[in-house]
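Protein chains in written order, with this note's numbering: chain F, 38 to 343; chain H, 245 to 548. Written below as structure tokens is the structure these notes are about.
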Amino acid sequence: MKYIIGRLLSIIPVVLVVTFVVFGMLFLSGDPAVLMLPPEATTEEVAAFRALHGFDDPFLEQYGRFLKGMIQGDLGTSIRYNRPALSLVLERIPATLQLSGFSILIAVLLGIPLGTLSALYRNSFIDYLASVISVMGQSMPNFWLAFLLMYLFAVNLGWLPTSGGPGIKYVILPAATIGFNVTALITRMTRSSIIEAMREDYVRTARGKGVSEKRVIIEHVMRNSILPVISVIALQFGYILGGAVVVEQIFAWPGLGLLTVQAINNRDYPIVQAAVLFLALSFVFINLVSDLFYRLIDPRIRTSES
Amino acid sequence: MNNKNTLTKKKNEIRVSQQWHDVINAFTQRKLAVIGLIIFLFLLLIALFAPIIAPHDPTNQELMDAYKPPSWQDGGSPEYLFGTDNFGRDILSRLLYGGRVSISAAGFASIFSMIFGVMIGIIAGYFGGKIEDILMRFVDIFLSFPMVLIALALASIVGPSFRNIVLIMALTGWMTYARTIASTTKTIRTREFVDAAVSIGAPTHRILIHHILPNVITPALVLFTFGFAQFIILESALSYLGLGVPPPMPTWGRMLYDARAYMRIAPWMMLAPGTAIMLVTLSLNFIGDGLRDSLDPRTRSQVR
């Protein structure tokens, strides 16, 4: 319990620094008003814009206002759409979740069996296949894979649409693209985690008792080796949310990444701030939940600390 | 006394060179690592000598020659080995010049992020306690940012120039160094030679530079190769999204972006830059894997 409270409190400085960076980012260029207005804006327009958004106030006062707004769920107003930035961001969440969800699903369905089999049958064909996949997944830039998949399945074979969304038909190619990198990671993690678990004493004990090999694998090895894999999946989920930017762009998938890139190109920074803040805080939150979940289901961590 | 000193020094040198000898030996026995090194050096050299090798000016537009397929396809000509793009620019020449930009930007970014990350890591690991807590907390915070978006946003705010892109990328990549080097430093700190240096009153900066730093260089090098590959990908991603090193300089990411619209009629436009990006990252990852295994005495003898 003490740990949980401590872990929750440790979030506060993180949130403060994250918001500070997201807020302060705009001031790197010198003048946020000049940054956000088109280059042909007159001096009067710049001055009016500055006054409107309070850019003339002391920096810390502006930061305080930003924090206060954030607590009230107000992350500024989009310049282009003239709507609250946060609601624009939230509108894109379903599409982004759909894409990351499918990617993770593909990766789990492929990666866990592949990693398990390659650990059980080391140096076999399947192990070789798994190692090729994990090397490729580590080195293959996802945008290049996106191009290849698009060329093959959309342009050449015409089975799937090249771009657009949302919808199941549209999500397959981008999800396969992102899923491939994650598959590689999950395969690698599962493999090494199972190999490690196989060396444990309890496995030898179980075998010594005459437990069938199938039950040893399922009840002793799998159950103990799946934990680290779950935490990797959780972290990957947070990572995909913000890492799918280029893939979303290539397939014109209407997620958070596409919104943010468009906002960056339009110099619509309130949206950029809201999106980055949202993604960073979700990452922190996912991390927190996965930590707490880990403690909940793994008694070894709980007892080792008390 | 003096003689004895030089003698121990020589002995040390022999031991160190023996160690490197083992590492190089182990590295060269790893086929993939050697292949990776050869491919990477080859790409590095052709990018370096692009002005000599490139058959055309990478920005020169020959609209009459637009959409020429690569020389091995029907309608291709040996004049344009990898074909031409929608403006009739020679893809091979653009590829070579683009390689200069991509590889050097990623290389500089790797160097800067390594220097910064190693510095933070050594300080955190050596001093420990509160200093370590605070620095490592910063690492955690930085890791929680969606880095591609941050890099994009920063590039649009400060303006994409070669220098800015390098610095922005370096800013997104130092955390892994800091984390790994901090834990390595912590174990080195407990070794006798550090205690000895402390007890003879060596100043802290001397201990950090002469005793800790040499011992963390090898893990840093492994991270360097992997980081290099990551930066190649990040640079291409930024260029693809229009916020990399600005035109007229060709970059691989920009070439891919241009190819997206012509995928149907000129698929070779994407082939060259995509393959180049993949080859560089693949070769760097092979080198990194080989280096990591050869530097670790536990896996050094396992030849794969």
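Virtual Cβ for every residue (Gly too), placed ideally from N, Cα, C. Please read these numbers as outputs of a predicted model, since none were measured by experiment.
Look up residue i in the DSSP assignment and give the residues it is bridged to.
{"i": "H/D334", "result": "H/T328"}
{"i": "F/P121", "result": "F/T114"}
What in chain H is Cβ-close to residue i, meaning under 7 angstroms?
{"i": "F/W181", "result": "G518, I521, M522"}
{"i": "F/S66", "result": "I401, V402"}
{"i": "F/F320", "result": "S388"}
{"i": "F/Q286", "result": "L485"}
{"i": "F/A317", "result": "S388, F389, P390"}
Looking at C-alpha atoms only, which residue of the options is the closest neighbour of residue i?
{"i": "F/E3", "options": "F/V253, F/T227, F/P95", "result": "Because residue 3 of chain F is not part of the residues shown, which for chain F are 38 to 343, the question remains open."}
{"i": "H/R407", "options": "H/L523, H/L339, H/P302, H/S346", "result": "H/S346"}
{"i": "H/P390", "options": "F/Y188, F/L185, F/F274", "result": "F/F274"}
{"i": "H/T303", "options": "H/F386, H/W316, H/E323, H/G342", "result": "H/G342"}
{"i": "F/T133", "options": "F/L65, F/Q109, F/A312, F/V145", "result": "F/A312"}
{"i": "H/G351", "options": "H/N330, H/V410, H/F386", "result": "H/V410"}
{"i": "H/F386", "options": "F/I301, F/P50, F/R44, F/V326", "result": "F/P50"}
{"i": "F/D68", "options": "H/V402, H/I394, H/N330", "result": "H/V402"}
{"i": "F/I334", "options": "F/S262, F/L278, F/A289, F/Y276", "result": "F/S262"}
{"i": "H/M308", "options": "H/I296, H/N330, H/L325, H/A294", "result": "H/N330"}
{"i": "F/G148", "options": "F/V58, F/L318, F/S230", "result": "F/S230"}
{"i": "H/H449", "options": "H/P494, H/M363, H/L289, H/Q305", "result": "H/M363"}
{"i": "F/F7", "options": "F/F184, F/R228, F/N119, F/A213", "result": "Nothing about residue 7 of chain F can be read from this structure; chain F reaches only from 38 to 343."}
{"i": "F/L264", "options": "F/M226, F/L293, F/A144, F/K246", "result": "F/M226"}
{"i": "H/L379", "options": "F/Q109, F/L125, F/L63, F/V54", "result": "F/V54"}
{"i": "H/V466", "options": "H/T525, H/R536, H/R433", "result": "H/R536"}
{"i": "H/F360", "options": "H/Y370, H/E323, H/Y421", "result": "H/Y421"}
{"i": "H/A353", "options": "H/I476, H/K312, H/G327", "result": "H/I476"}
{"i": "F/F288", "options": "F/I141, F/R129, F/L318, F/A183", "result": "F/A183"}
Apart from the five residues just before and just after residue i, which ones in its own chain have a Cβ nearer than 7 angstroms to its Cβ?
{"i": "H/F530", "result": "L276, A277, I279, G280"}
{"i": "F/V298", "result": "V282, Q286"}
{"i": "H/L487", "result": "L396, A399, S400, P404"}
{"i": "F/L325", "result": "R44, I48"}
{"i": "F/P178", "result": "none"}
{"i": "F/D328", "result": "R44"}
{"i": "H/A464", "result": "M358, V362, Y421, I425"}
Can you pull the chain H neighbours of residue i, defined as C-beta to C-beta under 8 angstroms?
{"i": "F/Q175", "result": "N529"}
{"i": "F/N302", "result": "S400, G486"}
{"i": "F/L63", "result": "I401"}
{"i": "F/L72", "result": "I401"}
Going by beta carbon distance, what residues of the same chain come within less than 8 angstroms of residue i, once the five residues before and after it are set aside?
{"i": "F/D93", "result": "R87"}
{"i": "H/L292", "result": "R344"}
{"i": "H/T272", "result": "V278"}
{"i": "F/P203", "result": "P131, A132, Q135, W290, P291"}
{"i": "F/V208", "result": "Q135, L136, F139, G202, W290"}
Give the interface partners of residue i over in chain H, defined as CB-CB distance under 9 angstroms, in chain order.
{"i": "F/S171", "result": "Ordered by position in chain H, no residue passes the 9 angstroms Cβ test against F/S171, which lies about 10 angstroms from the chain."}
{"i": "F/T214", "result": "Near F/T214 there are no residues of chain H at all, since even the closest Cβ is about 13 angstroms away, more than 9 angstroms."}
{"i": "F/Q99", "result": "In chain order: nothing, as chain H lies at least about 16 angstroms away."}
{"i": "F/T297", "result": "P390, L393, L396, A397"}
Just to make sure I have the definition right: I need the residues of chain F whose C-beta is within less than 9 angstroms of the C-beta of residue i. Which are they?
{"i": "H/R381", "result": "S47, P50, V51, V54"}
{"i": "H/A353", "result": "What H/A353 touches in chain F: nothing, since even the nearest Cβ is about 16 angstroms away."}
{"i": "H/R504", "result": "F184, M187, I287"}
Anything in chain F within Cβ reach of residue i, meaning under 8 angstroms, just list it in chain order.
{"i": "H/T525", "result": "S176, M177, P178"}
{"i": "H/S480", "result": "P178, F180"}
{"i": "H/A473", "result": "S176"}
{"i": "H/L500", "result": "F180, W181, F184"}
{"i": "H/D384", "result": "V51"}
Can you list, in chain order, the residues of its chain with a C-beta nearer than 6 angstroms to that of residue i? Leave out the 5 residues immediately preceding and following it.
{"i": "H/L478", "result": "M413"}
{"i": "H/G372", "result": "none"}
{"i": "F/S66", "result": "L72"}
{"i": "H/G534", "result": "F271, R274, A277"}
{"i": "F/Y100", "result": "F60"}
{"i": "F/I301", "result": "V309"}
{"i": "H/Y527", "result": "Reading off the sequence, residue 527 of chain H comes out as Ser, not Tyr. Here the set comprises G280, I283, F284."}
{"i": "H/A503", "result": "M513, M514"}
{"i": "H/W264", "result": "none"}
{"i": "F/I41", "result": "none"}
{"i": "F/A234", "result": "V258, N261, S262"}
{"i": "F/S343", "result": "Low per-residue confidence applies at F/S343: pLDDT is 43, beneath 50, and the placement is therefore not dependable, though the value from the model is reported in the following sentence. Counting only Cβ-Cβ distances below 6 angstroms, and skipping sequence neighbours, we find nothing."}
How would you list, in chain order, the residues of chain F whose beta-carbon sits under 7 angstroms from the beta-carbon of residue i?
{"i": "H/L415", "result": "In chain order: nothing, as chain F lies at least about 11 angstroms away."}
{"i": "H/P574", "result": "Outside the displayed range of chain H (245 to 548) lies residue 574 of chain H, so it cannot be described from this structure."}
Cβ of residue i within 7 angstroms of any heavy atom in the ligand NAP?
{"i": "H/A350", "result": "Looking for the ligand NAP in the displayed structure turns up nothing, as the structure carries no ligands at all."}
- Task: Jot down the residue ranges of each uninterrupted alpha helix (DSSP H) in the region 453–519 of chain H, minimum 4 residues, whole runs only, in chain order.
- Result: Unbroken alpha helix (DSSP H) runs of no fewer than 4 residues, entirely contained in the region 453–519 of chain H, are found at 457–484, 496–504, following chain order.
- Message: List, from N- to C-terminal side, the alpha helix (DSSP H) runs of 4 residues or more that fit wholly inside the region 399–437 of chain H.
- Response: Counting only runs of 4 or more, we get 406–417, 419–433.
- Message: Which complete alpha helix (DSSP H) runs does the region 85–168 of chain F hold, if anything under 4 residues is left out?
- Response: If we require 4 residues or more, the alpha helix (DSSP H) runs fully inside the region 85–168 of chain F come out as 96–108, 122–157.
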